[in-house]
Structure formats: structure tokens, C-alpha cells
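Under full-length UniProt numbering, the first residue of the sequence shown is numbered 1, with each subsequent residue one higher.
Beta carbons are placed, not taken as given, at the ideal position from N, Cα and C, and that holds for glycine.
Remember, predicted model here, so these are calculated numbers, not experimental data.
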Amino acid sequence: MKQYLELCKHVLETGEKKEDRTGTGTISVFGYQMRFDLNEGFPLMTTKKTAFRLISSELLWFLKGDTNVKTLIEDRNPIWDEWAFEQWVTSSEYSGPDMRDFGRRAAKEPEFAAVYKVEMDAFKKRVVEDEEFAATYADLGPVYGKQWRSWSNGEQSIDQIANLIEGIKNNPDSRRHIVTAWNPSEVEDMALPPCHALFQFYVADGKLSCQLYQRSADIFLGVPFNIASYALLVHLIAHECELGVGEFVHTLGDAHIYANHVNQVNEQLTREPRTLPTLKLNIEGKSIFELETQDIELENYEPHPKIKAPIAV
1 MKQYLELCKH VLETGEKKED RTGTGTISVF GYQMRFDLNE GFPLMTTKKT
51 AFRLISSELL WFLKGDTNVK TLIEDRNPIW DEWAFEQWVT SSEYSGPDMR
101 DFGRRAAKEP EFAAVYKVEM DAFKKRVVED EEFAATYADL GPVYGKQWRS
151 WSNGEQSIDQ IANLIEGIKN NPDSRRHIVT AWNPSEVEDM ALPPCHALFQ
201 FYVADGKLSC QLYQRSADIF LGVPFNIASY ALLVHLIAHE CELGVGEFVH
251 TLGDAHIYAN HVNQVNEQLT REPRTLPTLK LNIEGKSIFE LETQDIELEN
301 YEPHPKIKAP IAV
């Protein structure tokens, strides 16, 4: 994963200090590209331990067209917890302790962190047990799964993933193998507008490649997940279409390191990359829409230890 470390160095050395929506502050560059040959190993971060099960769980959630975090909570996946929790604690129905700016406060204030954990645990328990509550506060709006599987302009619904697969199978040389998560008519209704906004597939020499355009890239926390998620997507679509895998090309718009992640990035830069793991798929006889997390495994993943950092919500 030398490509990723080079991105980190580039941003630290040439980036501009910018304010951002979360109030945290960033070091940012505009426009950057990385390429990963998927035949050289699965591109999961080795300079810090990265939770692959969460990545595969989230991707399958997208592919099923789901937008409610209840599914993820039941699968022990906390990736989207904060955005659902924010909807609850900013609602008129919430009457508990003040949770404003909970992400940064939990990272800096131990007493608040304990209160936050109690409130978050209670929220997740209620999501699992109360269907009406989950439908109101755990649904994130028309985020990725909705756009991928039922993109709408108010008049028609389009299953972009099913169309993508049919297009690759029947017309592999087409230049229209595109899926967009950026839907101007619905973006204001999303808990978080799509960061990985558009991707395109490409077939050559019996191999499937993918290029992603990511408008906003949280380099330390988000980008390692994004790389692995889309590499996995290439493998799954390639299997569905009986193709080999080629490259994952990752194009970034606003590529940024949050101000409270700089120390963690510098720690990661002291570590030497290790051999990439191997992906193992146990999916014979299943479509990609039927898969569960246990159908997807990694072999020989031996990373450096995890590095913790607060998420900016």
C-alpha cells in the first residue's frame, strides 16, 4: 500500500489548511489518483489493522439496497452509527444529555465520553427493539443503497447495479458502465451526501477494472475503507460476470487529513508496508445480492496494530 502512504506524504507536504463542515479543520489537496493492480494482492491496509469484516458488511448492505442502520447494528457494524445517532439527538423528541459535537467531545472529554457511550448504547438497543423508532431515526435517507438499487428522479426507479451487470455481460466494450450515487433530486434528504459519488467499470483482456470518483476523501479513516470496499466490489462484479480482475483506480477530489488525525498519519508513515492479503470468496451458486459476510474471507492478513482516531461527523 505504498500508493496510500505516498498520498499521505503528498497532502502533509503540499496541502492547504482549510475549514470544513465539521469544524475540525483539515489539510487538503484537490485532485489525486492512485492505481491498484488487484492481481498483486487484495489492497487492505497493512500499516494499520483495518476491519475487513466491517467493510464487507457495509458493501453487502449497499448491494441489498438497504439504508437503515438497524441491519448494520444487528451485524455488529458501527460504521454508520454516528450519523443515525445524530438524527436522534438533534430531534425534538430527544430529551437526554446535551450531545452537541459528540464526536470531538468524546475524544477529548473522558467524562462526556462515558455519558456518550451510555446514550449511544441505549440508542442502538432501541433501534433493534423498536421498529417504529428504527424507521424514524435509524434510516439515513436515500443514501448509497437506495441510489445503487433504486435511483429515482421522481418518475422512475432504476436498479443501477443490475443494469451494470447486464451491460458488462452483454456489451463489455461499452463506455457506459457507470453507477452514480449523486442524485441532485435527493441529496438534501440524505444523512450524508455521497462521498464516493460515481464509478465506472471497464473490460479489457477478460479482466474487469473500476475507476471511482470520490468527491470528499477522509484520508486516515475513510480512504482505507473505500479502497478495500471498491476492490471487493470489483471482485464480486467480476465473479458475477465470469471475468478476471484488473485494476482499481481511485480518483480523489478534496483529499484531506483532519487536523486531529495528523499525529496518527505520522505514526503510520513510520511503518513499513507488509505483504498484501488474499481474498477468498465462497459464493458459488449465489448472486452478489444474496451474499452474507461469512461468504467473504481474507487469508494471510498480518498488519501492524490498529491506530485509533476520532471520526468527524
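Inset, instruction - Could you tell me if E240 is buried or exposed, where buried requires 16 or more neighbouring beta carbons within 10 angstroms of its beta carbon? - result: The residue in question, E240, is buried, as its Cβ has 16 or more Cβ neighbours within 10 Å.
Inset, instruction - Tell me whether the beta-carbon of L298 lies closer than 8 Å to the beta-carbon of F52. - result: Yes.
Inset, instruction - Taking 8 Å as the cut-off, decide whether the C-beta atoms of Q211 and V249 are in contact. - result: Cβ atoms of Q211 and V249: closer than 8 Å.
Legend entry - DSSP-derived helix/strand/coil call for G253: G253: strand per DSSP, three-state reduction.
Inset, instruction - Report the residue from K207, N226, G206 whose alpha carbon sits nearest the alpha carbon of R215. - result: Nearest to R215 by C-alpha distance, out of K207, N226, G206, is N226.
Legend entry - Buried versus exposed, by CB contacts within 10 Å (16 or more), T47: So T47 counts as buried.
Inset, instruction - Look up F199 in the DSSP assignment and say whether it is helix, strand or coil. - result: Three-state result, F199: strand.
Legend entry - The beta strand (DSSP E) enclosing E16, as first and last residue numbers: 16-18 is the span of the beta strand (DSSP E), which, as asked, contains E16.
Legend entry - Own chain partners of A204 with C-beta closer than 8 Å, once the 5 adjacent residues on each side are dropped: Cβ within range, chain order: G246.
Legend entry - Pairwise C-alpha distance: N183 and Q156: If I take the Cα positions, the gap works out to 13 Å.
Inset, instruction - Give the straight-line distance between the Cα atoms of A312 and T22, rounded to the nearest whole angstrom. - result: For the pair A312 and T22, the Cα-to-Cα distance works out to about 6 Å.
Inset, instruction - Enumerate in chain order the residues of its own chain whose CB-to-CB distance from E74 is below 8 Å, with the five nearest sequence positions on each side excluded. - result: If the five residues before and after E74 are omitted, its C-beta is found closer than 8 Å to the C-beta atoms of V128, all from its own chain and listed in chain order.
Inset, instruction - Determine the extent of the alpha helix (DSSP H) in which A217 is found, giving its start and end residues. - result: Element bounds for A217: not the alpha helix (DSSP H) but the beta strand (DSSP E), 207-218.
Inset, instruction - Pull up the DSSP beta-bridge partners for I27, would you. - result: For I27, which the question treats as bridged, DSSP gives the partners K17, I257.
Inset, instruction - Report the residue ranges of all alpha helix (DSSP H) runs contained in full by the segment 46-92; include only those spanning at least 4 residues, in chain order. - result: If only complete runs of 4 or more residues are kept, the segment 46-92 shows the alpha helix (DSSP H) at 52-63, 69-74, 81-89, in order along the chain.
Inset, instruction - In angstroms with no decimal places, state the Cα-to-Cα distance between Q268 and H256. - result: About 16 Å.
Inset, instruction - Give me the Cα-Cα distance between D98 and T26, rounded to the nearest whole angstrom. - result: Cα-Cα distance, rounded: 26 Å.
Inset, instruction - Give the DSSP bridge partners of F36, in chain order. - result: As DSSP reads the structure, F36 sits in a beta bridge with F248.
Inset, instruction - For S287, name the three-state secondary structure that DSSP assigns. - result: Here S287 sits in coil by DSSP.
Legend entry - Among R76, N39, T71, nearest to L54 - alpha-carbon criterion: Comparing alpha carbon positions, the residue from R76, N39, T71 closest to L54 is R76.
Legend entry - C-beta neighbour in chain D for D20, strict 8 Å: Checking the listed chains, one finds no chain D in this structure; it contains a single protein chain.
Inset, instruction - Report buried or exposed for T67, applying the criterion of at least 16 other Cβ atoms within 10 angstroms of its Cβ. - result: Classification of T67: buried, given that the 10 Å Cβ count is 16 or more.
Legend entry - Beta-carbon proximity of L252 to A309, cut-off 8 Å: Contact flag unset, no.
Legend entry - Straight-line gap, S152 to C195 (C-alpha atoms, nearest Å): Cα to Cα, the separation comes out at about 19 Å.
Legend entry - Own chain, CB closer than 8 Å to R271, minus 5 neighbours either side, in chain order: Correct list, in chain order: T47, K48, H304.
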